[in-house]
Amino acid sequence: MPLTGRQQQIVDFLRQYQAREGMPPTQAEIAARFGFTQKAAGDHLKLIAAKGVIEIRRDIPRGIRFADRKRPGHTGTFLPLLERVAAGPPVLASGQFDQLLPIAPAMFRPPADYLRRAVGDSMAGMGIQDGDLIGVKQTAAAENDQVIVAKLFSHGGIELTVRRLRRKGDMAWLLSGDDRTEPLLFALHEGPDDAPLVEIEGLYCGHFHPHTG
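Just remember that my numbering sits 63 ahead of the position in the sequence shown, which is counted from 1.
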């Protein structure tokens, strides 16, 4: 079923916004652009989705997807960008979801489930710079010498870091990519009194600088 004139205007706005901002607009932004209420904007989106042009996901922010899952000039799908991960001293995890970026999971090996932004330069030996985007494959399993995103549990809360894993028994060493940063030693299970626990959040799948690719 073809789109009405107004529906086509909304679709054109979605594509233009996505191409400019790298993510879909919110319903509030659609409503503001066309002078709708947010309910009316939602109703228009439902009708467009019923015609197979877009998909609407309620479980994530900005959950509007084109049915072909592509943006103009881009041949991939979208990956969520989550909170920062430390390539240096661990940073406190907040559990926040930042945005969706038009980046194909298949550009990483293995294909990534989501992205995290690196903070710090302790993995510069692997070419990971401050501000780079890291592809992460969500898994709780990793082998020796694989680079992982790890959750560190301490009295201050949950922290995140990206390091190379070395393990022996119930202990794990998280190694940086250079000699300037001390390894971190953690118990994989309940260990010595003052040893925080570490949990593998996922595997490092690759990285790129967002401005240079």
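Note that the Cβ used here is the ideal one computed from N, Cα and C, for glycine as well.
Residue pairing from DSSP places Pro143 in a beta bridge opposite Leu163.
Around Gln90, the same chain offers Gln101, Ala104 and Gly105 as residues with beta carbons nearer than 6 Å, after the five sequence neighbours per side are excluded. Non-local C-beta neighbours of Asp195 in its own chain, meaning closer than 6 Å and more than five positions away in sequence, comprise Ala181, His270 and His272, ordered along the chain.
Note that the C-beta distance between Val199 and Ala213 is not below 9 Å.
Tyr177 is bridged by DSSP to Val199.
By the 16-neighbour rule on beta-carbons within 10 angstroms, Asp233 is exposed.
Judged by DSSP in its simplified three-state form, His107 adopts helix.
The beta carbon of Asn207 sits closer than 8 Å to the beta carbons of Leu228, Arg229 and Arg230 from its chain, once the five residues preceding and following it are set aside; these are given in chain order.
Rounded to the nearest angstrom, the gap between the Cα atoms of Trp236 and Gln70 is 55 Å.
DSSP, read as helix, strand or coil, puts Leu66 in coil. Per the DSSP secondary-structure output, Ile127 pairs in a beta bridge with Ile119.
Boundaries of the alpha helix (DSSP H) around Phe97: Gln90 to Phe97. The three-state reading of DSSP puts Ile263 in strand, counting E and B together.
Ranked by Cα distance from Leu238, the first of Val210, Leu108 and Phe97 is Val210. Taking the Cα positions, Gly68 is about 14 Å away from Leu108.
Met189: not part of any beta strand (DSSP E); DSSP gives it neither H nor E. With 16 or more neighbouring CB atoms inside 10 Å of its own CB, Gln81 falls in the buried class.
The beta carbons of Leu163 and Phe141 sit closer together than 9 Å. About 7 Å separates the CB atoms of Ile197 and Leu178; that is less than 8 Å, so the two are in contact.
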